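Okay, structure first, notes after.
Numbering (the numbering used here), first residue to last: 8 to 169.
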């Protein structure tokens, strides 16, 4: 990923950085990918540098984790219940999907990236928010620290303090 321009807007509790980023590696973006943080914006440059220096490792960890755990995520969501005798496809936030699409588990078709949540570089961590076909209401969140997935679940999981 080439370094992208992030324009930060300070918020009371959560600061948001906007970008023109419409994809991240093989993941399409849900709108433009945003960056968010609860950290002081005086360290925004160092957070961004940490992210760009680690993004290939982060991408590999996310892909491996979701691919390995996809069937469990799908079963927990009970999403397949939407398919009955009358419907071959189902409209989702990430596009129309069929039961075959869901069973195949092509994460690049079933997930779109919404945001990265940056933490202080010393924490060696990042959160990611995805829109996903199997849970439109809550999305999917994942938190990576070092070389481990330390938390995953609904989108809100990425905002917990480390």
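A virtual CB, placed ideally from N, CA and C, is assigned to each residue, including glycine. None of these values were measured; they are calculated from a predicted model.
Counting only the same chain and skipping the five closest in sequence on each side, list residues whose C-beta sits under 8 Å from that of residue 146. Within the chain shown, residue 146 is the residue found at index 139, counting from 1. If we look at residue 146 and ignore the five residues flanking it on each side, its Cβ neighbours are 121, 136, 137, 138, 139, 161, 162.
Distance between residue 69 and residue 97 (C-alpha atoms, nearest Å): As a working mapping, residue 97 is identified with position 90 in the chain shown. As a working mapping, residue 69 is identified with position 62 in the chain shown. Cα to Cα, the separation comes out at about 26 Å.
### Exposure of residue 41, with buried meaning 16 or more beta-carbon neighbours within 10 Å
Here residue 41 is taken as the residue at index 34 of the chain shown, counted from 1. With a threshold of 16 other beta carbon atoms within 10 Å, residue 41 meets it and is buried.
Coarse secondary structure for residue 147, derived from DSSP in three states:
Counting from 1 along the chain shown, the entry for residue 147 is found at position 140. Note: residue 147 maps to strand in three-state DSSP.
Item to check | Own chain residues within Cβ distance below 7 Å of residue 95, not counting five before or after | outcome: Taking the chain shown and counting its residues from 1, one reaches residue 95 at position 88. When the five nearest sequence neighbours on each side are left out, the beta carbons in the same chain lying within less than 7 Å of the beta carbon of residue 95 are those of 105, in order along the chain.
Roughly how far, in whole angstroms, is the beta-carbon of residue 16 from the beta-carbon of residue 23, given that I think they are within contact range, below 8 Å? For the purposes of this step, residue 16 is taken as residue 9 along the chain shown, with counting starting at 1. For the purposes of this step, residue 23 is taken as residue 16 along the chain shown, with counting starting at 1. Indeed they touch by this definition, with Cβ atoms about 5 Å apart.
Check your understanding: Hey, out of 115, 76, 119, whose CA is closest to residue 158's CA?
Key -> Position 151 of the chain shown, counted from the first residue, corresponds to residue 158. When C-alpha distances from residue 158 are compared across 115, 76, 119, the shortest belongs to 76.
Exercise. Please work out which residues of its chain come closer than 8 Å, Cβ to Cβ, to residue 53, disregarding the five sequence neighbours upstream and downstream, and give them in chain order.
Key: Stepping through the chain shown from its first residue, residue 53 is reached at position 46. For residue 53, the CB contacts under 8 Å within the same chain, skipping 5 residues up- and downstream, are 128 in chain order.
Compare the Cα-Cα distances from residue 174 to each of 63, 30, 84, 19 and report the closest residue. With the chain running from 8 to 169 in the structure shown, residue 174 is simply not present.
Next on the checklist: DSSP three-state label for residue 161, please.
Outcome noted: Position 154 of the chain shown, counting from 1, holds the residue named residue 161. Looking at residue 161 - three-state DSSP - the assignment turns out to be coil, as it is neither helix nor strand.
May I ask you to check if the CB of residue 116 is nearer than 7 Å to at least one heavy atom of the ligand SAM?
-> Only the bare structure without any ligand can be found here, which leaves the ligand SAM out of the picture.
Following the continuous alpha helix (DSSP H) through residue 166, name the residue where it begins and the one where it ends.
-> As a first step, residue 166 is located in the chain shown; it is residue number 159 there, counting from the start. In the DSSP assignment, residue 166 falls outside any alpha helix (DSSP H), carrying neither H nor E.
Quiz item: For residue 156 versus residue 72, is the C-beta spacing smaller than 8 Å?
Solution: By one-based count along the chain shown, residue 156 stands at place 149. By one-based count along the chain shown, residue 72 stands at place 65. Contact: yes.
Once the 5 residues before and after residue 99 are set aside, which same chain residues still bring their CB inside 6 Å of it? Counting from 1 along the chain shown, the entry for residue 99 is found at position 92. If we look at residue 99 and ignore the five residues flanking it on each side, its Cβ neighbours are 140, 143.
Rounded to whole angstroms, what is the Cα-Cα separation between residue 153 and residue 88? By one-based count along the chain shown, residue 153 stands at place 146. By one-based count along the chain shown, residue 88 stands at place 81. Residue 153 and residue 88: Cα-Cα distance of roughly 37 Å.
How long is the line joining the alpha carbons of residue 103 and residue 81, rounded to whole angstroms?
Your numbering for residue 103 matches position 96 in the chain shown. Your numbering for residue 81 matches position 74 in the chain shown. Rounded to the nearest angstrom, the two C-alpha atoms are 16 Å apart.
If I'm right that residue 101 touches residue 117 with Cβ under 8 Å, what's the distance once you round it to whole angstroms? As a working mapping, residue 101 is identified with position 94 in the chain shown. As a working mapping, residue 117 is identified with position 110 in the chain shown. With a Cβ gap of about 6 Å, residue 101 and residue 117 count as contacting.
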